[in-house]
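Let me begin by presenting the structure, written as structure tokens, before commenting on it.
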Amino acid sequence: MSALPADTEHLQTRLLHEDVGLASGFVAFPTPVYRASTVVFPDLATLRDFDLHSDDQWRYGLHQTPTSATLARRLAMIEGGEFCLLQPSGLAAISNVYFALVKQGDDVLVPDNAYQPNRDHGDWLARDFGITVRYYDPMIGAGIRDLIQPNTRLIWIEAPGSVTMEVPDVPAITAVAREAGAVTAIDNTYSAGLGFKPFDHGCDISMQALTKYQSGGSDVLMGALITRDAALHARLKLARMRLGLGVSQDDCSLVLRSLATLALRYGAHDRAALGLATWLKLRPEVSAVLHPGLPDCPGHACWRRDFSHAGGLFSVVFNETYTPGQIDAFVEGLRLFKIGFSWGGAYSLAVPYALDGTMRTARAWEHKGTLVRFFVGLESDEDLRADLEQSLVKHLGA
Ligand SMILES: *Cc1c(COP(=O)(O)O)cnc(C)c1O
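Note that our numbering numbers the sequence shown so that position 386 is 386, with each residue one more than the last.
As structure tokens, then:
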């Protein structure tokens with residue numbers, strides 16, 4: 001910006017333009033919060049020089065500022081990616097993938113264990129926008145070859161599915177997809193990018209709901225798409241720009257603050273959840289514990305081969321002798337585990353799910369008992385175990 005003319009006398013103009021002359025040399029740890037709609041260009045040549053393929057340009061507050069760009073680069077670093085785009089929610093990131101990669105006449109494959117709003121989004125596009133969406137058994141592995149059509153553009157993967165927890169054979173699926181020229185997008189929220197490295201297993205896009213572990217505070221909604229391929233990143237970026245998706249710089253600052261403790265928190269969730277899952281497996285009320293680190297969970301062998309940690313989320317199937325009403329009473333009888341969906345924060349959660357035909361369409365769900373999904377927060381695991389025990393005894397009467 002050109003300097004204030006020396007003869008400017010009006011306060012209003014000086015208030016807007018005069019340099020207040022701070023001393024230089026201030027250094028602190030936090031990333032500054034640059035809130036901006038207008039980005040000011042040094043000259044017109046810079047303004048006219050737009051390059052979709054550069055992430056180093058400052059163009060418009062919606063696209064990026066130094067605050068959001070810092071967060072994006074750190075997130076790419078976690079997963080071993082090259083590029084990262086931030087979105088206002090995890091679901092917006094999912095939507096960004098669809099709008100960037102598929103058009104009328106294209107086909108998409110979605111695993112039967114996908115995040116339910118992803119299914120809804122795909123079904124909506126199939127109903128109203130002329131694509132086809134087909135569901136596959138998450139345990140299909142290389143058998144996905146038989147489902148791929150010449151017009152299959154996009155294959156979603158979720159490892160594990162965040163309710164039913166099957167762990168797919170990711171490298172088998174991505175190898176077949178690559179041969180067939182279909183892009184693979186993994187919803188990698190479950191592992192926060194720490195427990196599973198999608199690019200080492202052939203995935204093209206890693207989608208994260210930063211709302212979960214990266215925020216860690218149950219107070220921010222944000223999503224991300226991480227890639228290694230510059231051309232793919234540019235396609236996603238163009239769609240994101242056209243859809244008008246952006247994020248709050250204050251929210252970015254909150255997530256940046258939480259990233260410092262991400263691995264420590266994730267490790268604590270992981271240890272406590274595995275301990276509680278192992279304990280629940282010994283309880284007489286329980287028929288199966290769907291924790292990827294335990295053998296009841298379909299795909300446990302893939303998890304052992306491909307994952308380093310599981311984190312705080314797992315599900316339990318209760319004996320089919322209990323009615324759904326009894327399981328509801330057990331969940332409502334918990335004192336420390338709260339009832340709520342968005343996991344990844346400090347607070348433990350429990351939600352019962354009825355896995356009817358609307359949630360499973362490719363392969364029937366094999367369990368008859370009611371499933372409860374638990375998220376193990378950062379409370380003392382002894383207190384959490386006592387809480388589970390008191391409600392089991394009181395409501396399921398063992
Ligand atoms: C929460 C979640 C999302 C969506 O994230 P939002 O930010 O809540 O939209 C997507 N996938 C999985 C697996 C999730 O748990």
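All residues carry an ideal CB built from backbone N, CA and C; glycine is no exception.
Fair warning: this is a prediction, and the values are worked out from it, not measured in the lab.
Exercise. Given a threshold of 16 other Cβ atoms within 10 Å of its Cβ, counted over all protein chains shown, does E18 qualify as buried or as exposed?
Worked result: Here residue 18 refers to the residue found at position 18 when the sequence shown is read from its first residue. Counting Cβ neighbours within 10 Å, E18 comes out exposed, since fewer than 16 surround it.
Exercise. Got a sec: does ligand 1 put a non-hydrogen atom nearer than 7 Å to the Cβ of S89?
Worked result: The count along the sequence shown starts at 1 and reaches residue 89 at position 89. Result yes, Cβ under 7 Å from ligand 1.
Exercise. How about S315 and M139: do their beta carbons lie closer than 8 Å?
Worked result: The count along the sequence shown starts at 1 and reaches residue 315 at position 315. The count along the sequence shown starts at 1 and reaches residue 139 at position 139. No; because the gap between Cβ atoms is not below 8 Å, this pair is not in contact.
Exercise. What span of residues does the alpha helix (DSSP H) with R153 cover, start to end?
Worked result: For the purposes of this step, residue 153 is taken as the residue at position 153 of the sequence shown. Looking at the DSSP string, R153 is not in any alpha helix (DSSP H); the run it does join, the beta strand (DSSP E), is 152-158.
For this session: Evaluate the contact criterion for the segment 47-57 versus the segment 225-237: three or more CB pairs, one atom per stretch, below 8 Å.
Result: yes
Problem set entry | Residues that A288 bridges to, as DSSP identifies them | What you label residue 288 is simply residue 288 of the sequence shown in a count that begins at 1. Looking at the DSSP assignment, A288 forms a beta bridge with V317.
Problem set entry | Distance CB(Q390)-CB(L245) smaller than 8 Å | Counting from one through the sequence shown, the residue named residue 390 turns up at place 390. Counting from one through the sequence shown, the residue named residue 245 turns up at place 245. Cβ distance not < 8 Å, so Q390 and L245 don't count as in contact.
Problem set entry | Residue environment, Q214, which counts as buried when at least 16 other CB atoms sit within 10 Å | Counted from its first residue, the sequence shown places residue 214 at position 214. So Q214 counts as buried.
For this session: State the CB to CB distance for the pair V331 and G369, rounded to an integer number of angstroms; the pair is presumed to be in contact (CB under 8 Å).
Result: Counting from one through the sequence shown, the residue named residue 331 turns up at place 331. Counting from one through the sequence shown, the residue named residue 369 turns up at place 369. Actually they do not touch by this definition, with Cβ atoms about 14 Å apart.
Exercise. Would W343 count as contacting chain D if we go by Cβ distances under 8 Å?
Worked result: Annotation note: the requested chain D is absent from the structure, which comprises a single protein chain.
Exercise. So, do the segment 249-260 and the segment 95-112 have three or more beta carbon pairs nearer to each other than 8 Å?
Worked result: no
Exercise. Distance, Cα to Cα, F375 vs P324?
Worked result: What you label residue 375 is simply residue 375 of the sequence shown in a count that begins at 1. What you label residue 324 is simply residue 324 of the sequence shown in a count that begins at 1. One C-alpha to the other measures close to 20 Å.
Exercise. Quick one: does the C-beta of T164 sit closer than 7 Å to a heavy atom of ligand 1?
Worked result: On the sequence shown, position 164 is the one that residue 164 refers to. Checking the Cβ of T164 against ligand 1 gives no.
Exercise. Which one of R127, D146, Y353 has the shortest CA to CA distance from Y136?
Worked result: For the purposes of this step, residue 136 is taken as the residue at position 136 of the sequence shown. If we check each option's Cα against that of Y136, D146 comes out closest.
Problem set entry | From C84, E158, Y98, D383, residue whose alpha carbon lies closest to that of F129 | Sequence index remark: in the sequence shown, residue 129 carries index 129 (1-based). Residue Y98 is the option with its Cα nearest to F129.
Exercise. Taking Cβ to Cβ, would you say L85 is nearer than 8 Å to K237?
Worked result: Sequence index remark: in the sequence shown, residue 85 carries index 85 (1-based). Sequence index remark: in the sequence shown, residue 237 carries index 237 (1-based). Yes, they are a contact pair.
Problem set entry | Cβ neighbour criterion (16 or more within 10 Å) applied to I157 | For the purposes of this step, residue 157 is taken as residue 157 along the sequence shown, with counting starting at 1. So I157 counts as buried.
For this session: May I have the straight-line CA-CA distance separating M241 from T8, to the nearest angstrom?
Result: Position 241 of the sequence shown, counted from the first residue, corresponds to residue 241. Position 8 of the sequence shown, counted from the first residue, corresponds to residue 8. Taking the straight line from one Cα to the other gives about 39 Å.
Problem set entry | Buried versus exposed, by CB contacts within 10 Å (16 or more), R265 | Counted from its first residue, the sequence shown places residue 265 at position 265. Under this definition R265 is a buried residue.
Exercise. According to DSSP, is T261 helix, strand or coil?
Worked result: Residue numbering aside, residue 261 sits at position 261 when the sequence shown is read from its first letter. Here T261 sits in coil by DSSP.
Exercise. With respect to 7 Å, is the separation between the Cβ of L349 and the closest non-hydrogen atom of ligand 1 below this value?
Worked result: Your numbering for residue 349 matches position 349 in the sequence shown. False, no ligand heavy atom lies under 7 Å from that Cβ.
Exercise. Near L259, which residues of its chain fall below 7 Å by C-beta distance, leaving aside the five closest residues on each side in sequence?
Worked result: Your numbering for residue 259 matches position 259 in the sequence shown. These residues qualify, in order along the chain: R74, Q214.
Exercise. Three or more beta-carbon pairs under 8 Å between the segment 282-301 and the segment 165-183, yes or no?
Worked result: yes
For this session: Classify M241 as helix, strand or coil using the three-state DSSP reduction.
Result: Position 241 of the sequence shown holds residue 241. If DSSP states are grouped into helix, strand and coil, M241 belongs with the helices.
Exercise. Run through DSSP, which three-state label would F83 get?
Worked result: In the sequence shown, counting from the first residue as 1, residue 83 sits at position 83. Strand at F83.
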